[in-house]
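Chemist: Residue numbers (our numbering), protein chains in the order written: chain A, 110 to 456; chain B, 110 to 456; chain C, 110 to 456; chain D, 110 to 456.
4 protein chains.
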Amino acid sequence: MNFASDNVTGVAPEIAQALTAAADGTAMPYGNDPWTAKLSKRLCEVFETEVEVFPVATGTAANALALWQCVPPFGAVICHEDSHINTDECGAPEMFTGGAKLVGLPGADGKMSPDAVDAAIRRTGFRPIHRVRPSVLSLTQATECGTVYGLDEIAALAEVARGHGLTVHMDGARFANALVSLGCSPADMTWRAGVDVLCLGATKNGAWAAEAVIFLRPGLAGDFAERRKRSGHLLSKSRFVSAQVLAYLEDDLWRRNAAHANAMARRLADGLAALPGVDPGAPPAANMVFPILPDGLREGLRARGALFLDWPAERPGKVRLVTSHATRADDVDAFLEAARALSDARA
Amino acid sequence: MNFASDNVTGVAPEIAQALTAAADGTAMPYGNDPWTAKLSKRLCEVFETEVEVFPVATGTAANALALWQCVPPFGAVICHEDSHINTDECGAPEMFTGGAKLVGLPGADGKMSPDAVDAAIRRTGFRPIHRVRPSVLSLTQATECGTVYGLDEIAALAEVARGHGLTVHMDGARFANALVSLGCSPADMTWRAGVDVLCLGATKNGAWAAEAVIFLRPGLAGDFAERRKRSGHLLSKSRFVSAQVLAYLEDDLWRRNAAHANAMARRLADGLAALPGVDPGAPPAANMVFPILPDGLREGLRARGALFLDWPAERPGKVRLVTSHATRADDVDAFLEAARALSDARA
Amino acid sequence: MNFASDNVTGVAPEIAQALTAAADGTAMPYGNDPWTAKLSKRLCEVFETEVEVFPVATGTAANALALWQCVPPFGAVICHEDSHINTDECGAPEMFTGGAKLVGLPGADGKMSPDAVDAAIRRTGFRPIHRVRPSVLSLTQATECGTVYGLDEIAALAEVARGHGLTVHMDGARFANALVSLGCSPADMTWRAGVDVLCLGATKNGAWAAEAVIFLRPGLAGDFAERRKRSGHLLSKSRFVSAQVLAYLEDDLWRRNAAHANAMARRLADGLAALPGVDPGAPPAANMVFPILPDGLREGLRARGALFLDWPAERPGKVRLVTSHATRADDVDAFLEAARALSDARA
Amino acid sequence: MNFASDNVTGVAPEIAQALTAAADGTAMPYGNDPWTAKLSKRLCEVFETEVEVFPVATGTAANALALWQCVPPFGAVICHEDSHINTDECGAPEMFTGGAKLVGLPGADGKMSPDAVDAAIRRTGFRPIHRVRPSVLSLTQATECGTVYGLDEIAALAEVARGHGLTVHMDGARFANALVSLGCSPADMTWRAGVDVLCLGATKNGAWAAEAVIFLRPGLAGDFAERRKRSGHLLSKSRFVSAQVLAYLEDDLWRRNAAHANAMARRLADGLAALPGVDPGAPPAANMVFPILPDGLREGLRARGALFLDWPAERPGKVRLVTSHATRADDVDAFLEAARALSDARA
C-alpha cells in the first residue's frame, strides 16, 4: 500500500527487457550509439515534427537544463508557485541558469490563468535592467495537483507568453498521464498548442531513470549539448537511457502504463468517496488523489502500513495518494478496506 | 523639482571637501590605506561594538555580497516581496550567491510580520534537500514604502529568524533616515535588536558612491574579503570610498542630511494634504511620500518639469516623491504651488 | 575490435542480474531505500573505516560535486594538466564550484610530482585575496596515461597538499584497474595514503551508470546531499545506482573485471611490441596502451574496423587503445593479426 | 618613494576639478545623465567609429563583465599565463562567466605569439562538447611585464583569433601608457588591428575609480547593460564615473599623464643602468621597470622608505617599480641617489 509517489516502483518489465537486450556488444559512447539515433527518429514520428532530443537520467536535470537553454542569467521564469521546479528541486533551475529568478504565481488546482501570467510578465519586466527579464513560461502537465490543463488552456497561456516574447516550457514528468486523460496526441498537447520545449518524463511511469528534453522549435536547442555535458548529465553509456525511452514508446507502453495508473487513481477516489467523513477531493484527472482524511484515519492507515504524504507537506489534513503503472488493484482495495474498517470503528 | 529619487543629487559639500583633502599623496591600495583603517575604528565607536567593515561603491554590491557571505547556494533569503533586493537589483543576490532563492512575502507598508516570516521559514524548509534551506532574513530600514520598523518590530522579526537559525541582514540604503526618524542609536537599531549584518548606505544621503558592509557579529565576515575582490568590488584606490564614509559620519553629517530630507518629505506631505482631490498617503516616517494624484494633476506637474515615478511602476495613480539632503524648501514649495494652481484650474 | 574506450561496452552480466532482482516491489525514493543503506554499510567494510557514500550516475558528476564540496568559489584545484577534470568535462568543475580555477600542472606519464605540486600551491596562493586560494589537490588513479601512482607516491603528494591545508581528491574512474595493478587494499590506496574523498567509478568497469562519491574523512561530506539534489544528480529511483555498485563489489567483481581488462591490455602491448616499426610505449600498468603506430598502419587498422583514438586528440601518431571487462582475447588477437598482416604488406 | 603600483596615487587635479564641477544639481541616475551621454559621443570621436560605452568603477569589473558578454559558460578565454585576469582578479572572470576556463599561455615579455595562440585554440577546442569552446582571445596592452605589443603584433594575434571565430578583448588598464609609447591613435591600437572590445583604464593614470568598457563592433554589446546592473557595477550616480573619464580625455590629459609616467620610468631605468651590480632589465616601453637588485640593495632601499614589489611575487630578486602621472622626478632621483649610496657602501 505504497502511495507515497509514482517513483517508489522499480522498472516496468518491457523496459527491463529492453535493457537486457542492450546489455551486450560495443557502441560508441556519449550519445553516438544506434539507440540514441533511433530514439531521435522515433520521437520525430511520435511528435509529428522535426524535434531535437536529449536524453537525461533525472527530471530535475531535464527541467533545469531546458530552462538554462532558454533563460539568461538575468531572466525570469514564470511558473506556478507550487510547481516542482519552484519547490522540489532544491533550486536546480536557479543553479543551472546562473541565478535566474523563478516567479511563482498562485492559482487554483495547480494551474495558472492567462490573466495572472500576463500580469506577472508585465510586472516583472516593467523596469528593464533593474528588474529581471521574463523569458520563459513553465507549465506542468499533469500539474502537481493532479489536474490537467485542457488544450485550450495551454494554447491560451502560450499565446500570452509568446505575445511577450517568452519561450514556453512544459514539465512533463507525468506527460503520459495527461495524454491519456485528454485522449489527444503528443503534438496537440505540445507544439500545436504553443509549447516550445518539453521535458518528457518516463521514470515515474515505468523507467529506471529516463527523461528526454525535446525541443519542438527549430534552432531552440542551441548549445544544449554542451550544457548537458558540462553539468554531468551526458551519460557515457547513453544507450542505457535511450533504450529505456525507446521501450517506453514501443507498442504504446507509455499510454498503457499511464492509463493503468489513472484508472487506479479513479478506483481509489471512488472508494474514498463512499467513506463517511472523508472528502475525496476533485475526481482525479491523472494519477493522484488529494483527499482530506480525518485525523484518526490517517494515523490508522499508516499504522496498517499505508504510505502517503501530507500535502501540503508542512500541514497535515489533506494527503496525497499517487498511483503508478505498478499499482495493483488489490493494493487499492486493501487500502480502501482498511479505511472502511477504521471508519466503522470510529463511528 | 526632481523628486524621482534620492540618488539624483551629486555629492554633499562636506564629502566633496574630504575627497579634495584625500586627493594627494600616495597610499597603499586595496584597502591597506589609513582612511580605511580609520573608518573601521570609527564604525566600532559608532556602533559601540567590534565590527568588521568592508566599503564598496554601490548598494546592490553591498547587499548581494553580504547575502553571498550568509546564504549557501542551496539556501533561501526571506524578504519582503517589494524589497529592493527582490525587485530592483536585476537578480544580483541570485547571481552572487550561486542561485539562492529569494522568498518574497507580502506585507502592508513594506513590512513583514513575525508570523508571516515564521510561516515562510517553516514552509520553505519543510522538506530538507528537496527544498532550499532558509538561511537569511533580510529587512529594509527604512522600507521601500517609506515606513520605518520600530525597534520592537525589528527585535520580534530577528527573534523568529534566529529561532530557526537564520542570519539577519538589514538593507540600510536609507539607514540614516530611519535612524533620525526613530531617534535611536545605530546599535539599538541593529545588533541590540538582533541584526547580524548591515549594509549602510551613504550614496542616497550625500555621498558619490559609498556603502559599507558592516558585520556586527564576530566571525560572520568569513571570506568576505575574497568575495569582494572576486566580484570586482574592491576598489584599488579604496581611500576614495573610505574617505566618503568618514566624512559622512563626521559631525553627524549623516544624521543632519537625513533629518533635512525627512523634514522636506513632511513639508511635501503636509502641503499635499491641503489639496483637494489628493490623497496624501500616510504621514512620511522617512524621506518618501506616496500620494495618489488625480490623472490630470500628474501630467500637469510633469509638464511643468516635476520629476517623480509612478509607484508601483507598472500602474499609474499612486506616485513616489523622494526628498534628499539636497532638496531645497523652495523646490518643495514650487511643487506644491504648481499643484495648487493645477488643482484650482481643474476645480 | 573496439578499443576506443572502456565505456563502449554495455553492462556486466552480474550487474544486469542485480538490476533484474531489484526491478520489482516498492521502495522509498531519493536514497531512502534498502539498497542504498546496504551500500553505505558495505563500503565502510570495503574501506575499513567509516565513510559517507553518495551514489551518482556519471563520473563527471561525481568529480564536479566532490570538488564543489571541497573548494570555495574563490579557490583553486591543483591537478595534472591532462586530467579528465581539466580537459574532458566541459568545465563541469568550474560550473559546479561557482568558478573555481583548475591549475593544471605538466608531469611525465600523467603524474604530478610533489615538488611541482608544492611550487604550484605556493605560486597560486601567494597573494591572498588577489589570487585564488589553493584548496584541493586532485589525483587520477589510474591516470589518463594508463599509469598508476604507487602508494608512496600518493602519500608524498598528499603530504604536500595537507601541509598547505588542501583536501586530497582522487578521481577513481579506473580505481579498480589501479587496485589490482598495485595489489593493495582500497584503504591503502586512499585514506591510509592521505586521500580525503574518492570518486569510485564502476561505469567503465562493468556498470551501466554508477559512481560513488566516498568521503573518507569525518565531517567532510558537509552539505553534499543538497548539492547532489540541486544539480539533478539525486536519482529518484536510487536503488538503481546502489544495486549496481553493490553487485560491483560482490564476490570481488570489480577486481575480477579490472584484472581481465588489465590482462587484455598487456596482451595487446606484448603483441604490438613484436611488430616491426611499432613503438609499443611503456608496459601498461592498467587497461590502456599508448603505442605509436606508423601512418599507414593506423589507417589500415581503421579500414578493417578497428576503433581507437588519436592521443593526444589533436595530433595523430600516438594512439590510445583501451581494454575493458568485456574485451575478448579473440578481439585482441584479431587486432594484432590485422596489424601484423598490414606490417608485412608494408615491409 | 612609492613605486609599488600606479594605483597608490590619489586623483589628478583636472579630474578632481571635474568632479567638483559635477557636484551640484540633479540628474537622472543609472546612466541617464548628461555626462554619460556626452562621454558616449566623445568616445565615438576618440575612437573614430561608433562604439558602445559602459563606465564602471574597477578594472576587474570591466574585464570580467566584458568577458562575460563574450564567452559562454562552457567557453574558454585564451590569455597570457601572467595576465591580470588570470592571476590577480581572484577568479572574477570565472565567476562572472559562470565558470568559463582561462587558458594561460607562456610567452616571453608578457606577450603571446600567434603560433602559441593558434595551437592553444586548436588544442582546447579539439573535442567539442567534451572540451570547452575557445571563445575569446584576451590581450593586455601595455602588458603586465611593462612591454607593449606593436600594431602588427596585435593584428597578427587578432587574425589568428578571428580565423577561429574568437572575439578579441583588450585589457587596457594601462592603455594610455601604450598609446603614447607607440605614438599611434586609439583606433589604430584597437579595432583597426582587430580588437573587438576594450577595457579602457583611467584609474591607474589619474582617476579615482573609472574604467570604460568599449565595444568596438556593432551588436557585440548585447545584454551588457543587464550584466552590469546585475553585478552591482551600475552606479546610481553614474555622472561620477562619466565625469572622470570625460576629464581624462579632455585636452589629452590621458596622453599627458601617461607620457609623464613613461618618462619617469625611463629616468628610473637609466639611473639604475648606471649602478654597479644592478641589472636594469629591458628599457621600459611603458611605466614599469623590472630590474634585478642585489639582496642587500633591496632591503636597504626598503629601509629608507622605498616601496616596491618583488616580481614574481613569490620569488625575490627581480622587483617591479611602477611610475605614474603623479610620480615626481625628485622622488625618482631620491630613489636613485639612495641606491647609489647603498651600492657605494657595499662596494
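Every residue, glycine too, gets a C-beta built ideally from N, C-alpha and C. Note that the structure is predicted; figures quoted are calculated from it, not measured.
Starting from the beta carbon of Asp142 (chain C), find every residue of chain B whose beta carbon is closer than 9 Å, and list them in chain order.
Modeler: Within chain B, no residue comes near Asp142 (chain C); the closest Cβ sits about 15 Å away, beyond 9 Å.
Chemist: Find out if the Cβ-Cβ distance for the pair Val350 (chain A), Ala175 (chain A) is shorter than 7 Å.
Modeler: Against a cut-off of 7 Å, the Cβ pair of Ala175 (chain A) and Val350 (chain A) comes out as no contact.
Chemist: Looking at chain B, is there any beta carbon in it that lies within less than 7 Å of the beta carbon of Asp133 (chain D)?
Modeler: True, the Cβ-Cβ gap to chain B drops below 7 Å.
Chemist: Do Pro138 (chain C) and Ala354 (chain A) come within 7 Å of each other at the CB atom, strictly closer than that value?
Modeler: The sequence given here has Val at residue 354 (chain A), not Ala. Cβ atoms of Val354 (chain A) and Pro138 (chain C): not closer than 7 Å.
Chemist: Terminal residues of the continuous alpha helix (DSSP H) containing Cys254 (chain A)?
Modeler: Here Cys254 (chain A) belongs to no alpha helix (DSSP H), and DSSP marks it neither H nor E.
Chemist: Assuming Glu307 (chain D) and Gly328 (chain D) are in contact, meaning their beta carbons sit under 8 Å apart, how far apart are those beta carbons, in whole angstroms?
Modeler: Residue 307 (chain D) is actually Leu in this sequence, not Glu. Rounded, the Cβ-Cβ distance is 16 Å, inconsistent with contact.
Chemist: At least one CB of chain B closer than 7 Å to the CB of Cys188 (chain D): is that the case?
Modeler: No, because no Cβ of chain B sits closer than 7 Å to the Cβ of Cys188 (chain D).
Chemist: Check whether the Cβ atoms of Val398 (chain A) and Ala378 (chain A) sit closer than 7 Å, and answer yes or no.
Modeler: Contact: yes.
Chemist: Name the DSSP bridge partner or partners of Leu344 (chain B)?
Modeler: Leu344 (chain B) is not bridged to any residue.
Chemist: Indicate the three-state DSSP secondary structure (helix, strand or coil) for Met279 (chain B) in the structure shown.
Modeler: Residue state, collapsed to three classes: strand.
Chemist: Locate the alpha helix (DSSP H) running through Thr206 (chain B), then write down its first and last residues.
Modeler: Run containing Thr206 (chain B): none; DSSP gives neither H nor E here.
Chemist: Mapping DSSP to helix, strand and coil, what is Leu418 (chain C)?
Modeler: Leu418 (chain C): strand per DSSP, three-state reduction.
Chemist: Among A:Glu123, A:Phe156, A:Ala171 and A:Trp144, whose alpha-carbon lies nearest the alpha-carbon of Lys338 (chain A)?
Modeler: Measuring from the Cα of Lys338 (chain A), the nearest candidate turns out to be A:Ala171.
Chemist: Which residues in chain A sit within 7 Å of Lys338 (chain D), going by Cβ to Cβ distance?
Modeler: Those within 7 Å of Lys338 (chain D) in chain A are Ile238 and His239.
Chemist: Listing by chain order, which chain A residues have their CB less than 7 Å from the CB of Ser114 (chain C)?
Modeler: Under the 7 Å cutoff, chain A gives Pro138.
Chemist: Taking the alpha carbon of Gly134 (chain C) as the point to measure from, which residue in A:Gly409, A:Ala394, A:Gly315 and A:Gly292 has its own alpha carbon closest?
Modeler: Closest option to Gly134 (chain C), Cα to Cα, is A:Gly315.
Chemist: Taking the alpha carbon of His239 (chain A) as the reference point, which residue from B:Asp442, B:Gly168, B:His273 and B:Tyr258 has its own alpha carbon closest?
Modeler: Among B:Asp442, B:Gly168, B:His273 and B:Tyr258, the Cα nearest to that of His239 (chain A) is on B:Gly168.
Chemist: For His189 (chain C), report the span of its beta strand (DSSP E) as first-last.
Modeler: From DSSP, the beta strand (DSSP E) with His189 (chain C) extends over Gly184 to His189.
Chemist: So which residues on chain D does Lys210 (chain C) lean against when the C-beta distance must stay under 9 Å?
Modeler: Here the neighbours are Asn195, Gly200, Glu203, Lys210 and Leu211.
Chemist: Taking only runs of the alpha helix (DSSP H) that begin and end inside the region 359-390 of chain A, which ones reach a length of at least 4 residues, in chain order?
Modeler: 362-382, all fully within the region 359-390 of chain A.
Chemist: Hey, would you say Ala201 (chain D) sits closer than 7 Å to Ala173 (chain D), going by beta carbons?
Modeler: Taking 7 Å as the Cβ cut-off, Ala201 (chain D) and Ala173 (chain D) qualify as a contacting pair.
Chemist: Within 10 Å of its beta-carbon, does Ser345 (chain D) have 16 or more other beta-carbons around it, so buried, or fewer, so exposed?
Modeler: Ser345 (chain D) is buried by the Cβ-count criterion.
Chemist: Nearest by alpha-carbon distance to Val162 (chain C): which of C:Leu214, C:Pro393, C:Ser149 and C:Ala228 is it?
Modeler: Checking every option, the nearest Cα to that of Val162 (chain C) belongs to C:Ser149.
Chemist: With a threshold of 7 Å between beta carbons, is Asn396 (chain A) in contact with chain C?
Modeler: With 7 Å as the cut-off, Asn396 (chain A) does not count as an interface residue toward chain C.
Chemist: Starting from Gly216 (chain A), trace the alpha helix (DSSP H) both ways and give me its first and last residue.
Modeler: First-last for Gly216 (chain A): undefined, no H or E at that position.
Chemist: Whole alpha helix (DSSP H) runs in the region 286-334 of chain B with 4 or more residues, listed along the chain?
Modeler: For the region 286-334 of chain B, whole alpha helix (DSSP H) runs of length 4 or above, ordered along the chain, are 295-298.
Chemist: When you compare each of B:Leu384, B:Leu406 and B:Pro400 to Ala391 (chain B) by their alpha carbons, which one comes out closest?
Modeler: Of the listed residues, the one whose Cα sits closest to Ala391 (chain B) is B:Pro400.
Chemist: Would you say Phe163 (chain A) reaches chain D, if we count a Cβ-Cβ gap shorter than 7 Å as a contact?
Modeler: Taking Cβ atoms only, chain D never reaches closer than 7 Å to Phe163 (chain A), which makes this a no.
Chemist: Starting from Pro243 (chain C) and walking both ways along the beta strand (DSSP E), at which residues does that stretch end?
Modeler: It spans Arg242 to Thr249 - the beta strand (DSSP E) in which Pro243 (chain C) sits, taken as one unbroken run.
Chemist: For Arg429 (chain D), which of helix, strand or coil comes out of DSSP?
Modeler: Here Arg429 (chain D) sits in strand by DSSP.
Chemist: Which residues bound the beta strand (DSSP E) around Pro164 (chain B)?
Modeler: First-last of the beta strand (DSSP E) with Pro164 (chain B): Glu161 to Val165.
Chemist: Answer yes or no: does any C-beta atom of chain A fall closer than 7 Å to that of Gly207 (chain D)?
Modeler: Yes, contact with chain A.
Chemist: What does Ala173 (chain A) reach in chain B if we use C-beta pairs closer than 8 Å?
Modeler: The premise fails here: Ala173 (chain A) is roughly 10 Å from chain B at the closest Cβ pair, so nothing lies under 8 Å.
Chemist: Helix, strand or coil for Pro202 (chain B)? Go by DSSP, reduced to three states.
Modeler: Of the three classes helix, strand and coil, the one that applies to Pro202 (chain B) here is helix, per DSSP.
Chemist: Quick one: give me the first and last residue of the alpha helix (DSSP H) that Glu154 (chain C) is part of.
Modeler: That run of the alpha helix (DSSP H) goes Pro143 to Phe156.
Chemist: Opposite Val398 (chain A) in the DSSP bridges: which residues?
Modeler: Bridge partners of Val398 (chain A): A:Leu430.
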